[in-house]
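First residue of the sequence shown? That's 70 in our numbering, and the numbers climb one at a time after it. Just so it is clear, CB atoms sit at the ideal spot from N, CA and C, and this is done for glycine as well. None of the values given here were measured: they were computed from a predicted structure. Here is the structure we will look at.
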Amino acid sequence: MAADLEPGVIRKLDEVVVNRIAAGEIIQRPANALKELLENSLDAQSSHIQVQVKAGGLKLLQIQDNGTGIRREDLAIVCERFTTSKLTRFEDLSQIATFGFRGEALASISHVAHLSIQTKTAKEKCGYKATYADGKLQGQPKPCAGNQGTIICIEDLFYNMPQRRQALRSPAEEFQRLSEVLARYAVHNPRVGFTLRKQGDAQPALRTPVASSRSENIRIIYGAAISKELLEFSHRDEVFKFEAECLITQVNYSAKKCQMLLFINQRLVESTAIRTSVDSVYATYLPRGHHPFVYMSLTLPPQNLDVNVHPTKHEVHFLYQEEIADSIKQQVEARLLGSNATRTFYKQLRLPGAPDLDETQSADKTQRIYPKELVRTDSTEQKLDKFLAPLVKSDSGMSSSSSQEASRLPEESFRVTAAKKSREVRLSSVLDMRKRVELQCSVQLRSTLKNLVYVGCVDERRALFQHETRLYMCNTRSFSEELFYQRMIYEFQNCSEITITPPLPLKELLVLSLESEAAGWTSEDGDKAELADSAADILLKKAPIMREYFGLRISENGMLESLPSLLHQHRPCVAFLPVYLLRLATEVDWEQEARCFETFCRETARFYAQLDWREGATAGFSRWTMEHVLFPAFKKYLLPPPRIKDQIYELTNLPTLYKVFERC
Ligand code: ADP
Ligand code: MG
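Quick look at the structure:
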């Protein structure tokens, strides 16, 4: 009996066994080995990479490149653990731009397979061949003939790990995985020619030419059905400091299988955050269970990337992951909308009351939520108006606090014309304005805005919203001004137009403006009619600029024909139009380009941010606009500058309230 209770003797595992276990974690199947070898060949600046396999890479996996080769003197240690030509100090880890950096791949392979390397550098007269076992060179490298570059030959993978070998029973499946990895690298590296061949087959299973292009390689590998639906775009984000190059299918294409080729800093990776956000955009358009084809290459500052989290370095994590995924989502959304005129036919209707995809996904169901932390996540829940203001019923029966009126709009006096085809903005003054907005954006405020839940309007300048457990009041006028200013500079040259029918006489509007208090006219300013004339002259002279860049049209005979349309379903309030026009003539600096755009956009934003709050139908409509147009746009587009913090006041928060009411 007592013998049963004897503790086991702890022994140190044999080093070979330890290494084998570690290697088995890094190299789990032939495709992992191929990925490492491809990365090595690409690091060695090869322009041609040929892969040969037998039995799905389990019998043979050979990769030949025409890169730099390996120096003869390095052959002795190349397969030891932690030997690398790419990293010398720990600090280098954060700066490393090449693929491999831990010097583990070849070592790992040599612990679980028979490995030989044949290589020739430009300096050597002949090549050398060396064989390895358990990280060590066997014998001496032997001179041999050969071209510049390296041939790495892996035979009998997992010969010493019978269970692993057993688990990988299907060579066909392994071959499939190998060709997927190769295909992805081939798309990402179109300048390099890739070949994949099954040993003994006359024809390669896959081949891409040298100096090809990404879309051409997608056509060769994935077929014309995908390549002809591709939308190509690149995007640079100044706030989160990343660049994206993308090739994505339009909504006309869909497949059962989701193909997402994601490279971050040139490495093939998985990122759940990016995958889900891209998927969620397509989910609106594609039939259930169908997916797009997406190729995406992101470049992040290397120090923001943590590639070390997984032994196979597959799933990555990076700083600002959520924000970057969200920014990409917006880009994808915008491109899909911009590219496809028939998109609405594909849009799946959501049943009333069905949860919004984004909102349900972010909730962590396993986490226990205490009552004091309960927050509303559904903006259609009852709102403040119900308790504060009586329902505003207008003649048309429009009320401001039921959610059903969301689709109803008052009689349209303006018609919005379809957006022109997007024109690329090259003016540095405008690009500078955009850059300033992006650089100033407060990341923390951005995240608050993104997740806010609208509670209700207080008055024409103030509204309440909730974020997590806190209730805030904000100055909606400042928010709107900033929003419309940003819309102006991002829609520059591409503004849709709100057509005014019938057109309005500019001069009469200007006279009208001088009558108003806001114009602050005094007799010292001169005769009103003369002032209106000279203001009209200025605007007429500048009409071509306003039409070309902002979609504000004034005809030659002085009729105002259109205004820029900056937000779907938003129309500026006509009551403020006269003063706006006057201010365009007097406050905009028409002399200098950058100043001109800046002041024009600011003035327009000021005009657009004013809502008509006189009681009655218009006030009801303003409330509606606040809730259904402006707040959604704040959430979606507004890049808040830090100064906007002064326009947000925390009123209370749940934990505090809870303390008070718990006592009752
Ligand atoms: P890492 O890539 O992390 O440095 P590896 O074990 O993958 O580690 O490779 C070790 C070293 O072998 C590399 O740093 C590189 O110098 C050399 N090497 C491996 N493959 C090649 C190749 N195809 N061409 C040239 N050099 C290579
Ligand atoms: Mg490597």
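| Check | Outcome |
| --- | --- |
| In chain order, what residues of the same chain lie with their CB nearer than 6 Å to the CB of residue 166, ignoring the 5 residues before and after it? | Residue placement at residue 166 is poorly supported in this model, since its pLDDT is 42, which falls under 50; the coordinates are not used for a value here. |
| Could you spell out where the beta strand (DSSP E) holding residue 189 opens and where it closes? | 183-189 |
| Tell me which residue opens and which closes the alpha helix (DSSP H) that residue 249 is part of. | 240-257 |
| Can you pull the DSSP bridge partners for residue 620? | Paired residues: none, contrary to the question. |
| Using only alpha-carbon positions, find the residue among 326, 651, 543, 624 that is nearest to residue 584. | 651 |
| Per DSSP, which one or two residues make a beta bridge with residue 565? | 634 |
| Is the beta carbon of residue 311 sitting closer than 8 Å to the one on residue 393? | yes |
| Closer than 8 Å is the cut-off here; do at least three beta carbon pairs connect the segment 533-541 with the segment 637-655? | no |
| Would you call residue 655 buried or exposed, if buried means 16 or more other Cβ atoms sit within 10 Å of its Cβ? | exposed |
| Mind checking whether residue 709 and residue 497 have CB atoms under 8 Å apart? | no |
| Residue 84 to residue 260, Cα distance in whole Å? | 42 Å |
| Is any heavy atom in the ligand ADP found nearer than 7 Å to the beta carbon of residue 138? | yes |
| Return the residue from the list 116, 267, 214 that minimises the CA-CA distance to residue 189. | 214 |
| Taking the alpha-carbon positions, what's the residue 680 to residue 579 distance? | 20 Å |
| Secondary structure at residue 660, three-state DSSP: helix, strand or coil? | coil |
| Indicate the three-state DSSP secondary structure (helix, strand or coil) for residue 470 in the structure shown. | Residue placement at residue 470 is poorly supported in this model, since its pLDDT is 37, which falls under 50; the coordinates are not used for a value here. |
| What span of residues does the alpha helix (DSSP H) with residue 557 cover, start to end? | 545-559 |
| Output needed for residue 126: all residues of its chain with C-beta closer than 6 Å, excluding positions within five of it in sequence on either side, in chain order. | 99, 243, 247 |
| Would the beta-carbon of residue 173 be found less than 7 Å away from any heavy atom of the ligand ADP? | yes |
| Residue 224 CB to nearest chain B CB: under 8 Å? | Checking the listed chains, one finds no chain B in this structure; it contains a single protein chain. |
| Once you ignore the five residues that flank residue 149 on each side, which residues in its own chain have a CB closer than 7 Å to its CB? | 176, 204 |
| Return yes when at least one heavy atom of the ligand ADP lies under 7 Å from the C-beta of residue 105, else no. | yes |
| Residue 294: which of 273, 307, 317 sits nearest, CA to CA? | 317 |
| Could you work out which residue in 185, 133, 141, 230 is closest to residue 90 when comparing CA atoms only? | 230 |
| Distance check for residue 562 and residue 634, CA to CA, integer angstroms please. | 12 Å |
| Quick one: using the 10 Å Cβ neighbour count with 16 as the cut-off for buried, is residue 79 buried or exposed? | exposed |
| Around the C-beta of residue 151, are 16 or more other C-beta atoms found within 10 angstroms, so that it is buried, or is it exposed? | exposed |
| Could you tell me whether any non-hydrogen atom of the ligand ADP is closer than 7 Å to the CB of residue 179? | no |
| Measure the C-alpha to C-alpha separation of residue 621 and residue 664 and round it to an integer number of angstroms. | 18 Å |
| Among the residues of its own chain, which have a CB less than 6 Å from the CB of residue 306, if the five just before and after it don't count? | 396 |
| Tell me whether residue 180 is buried or exposed, calling it buried when 16 or more other Cβ atoms sit within 10 Å of its Cβ. | buried |
| Going by alpha carbons, who is nearest to residue 734 out of 239, 344, 277? | The chain is shown from 70 up to 733; residue 734 falls before or after that span and cannot be answered. |
| Based on Cα-Cα distance, which residue from 626, 77, 130, 598 lies nearest to residue 573? | 626 |
| In the DSSP assignment, find the unbroken beta strand (DSSP E) run with residue 283 in it and report its ends. | Careful: residue 283 lies outside any beta strand (DSSP E), inside the alpha helix (DSSP H) at 283-291. |
| Starting from residue 332, trace the beta strand (DSSP E) both ways and give me its first and last residue. | 328-333 |
| Just to check, is the beta-carbon of residue 134 closer than 7 Å to a non-hydrogen atom of the ligand ADP? | yes |
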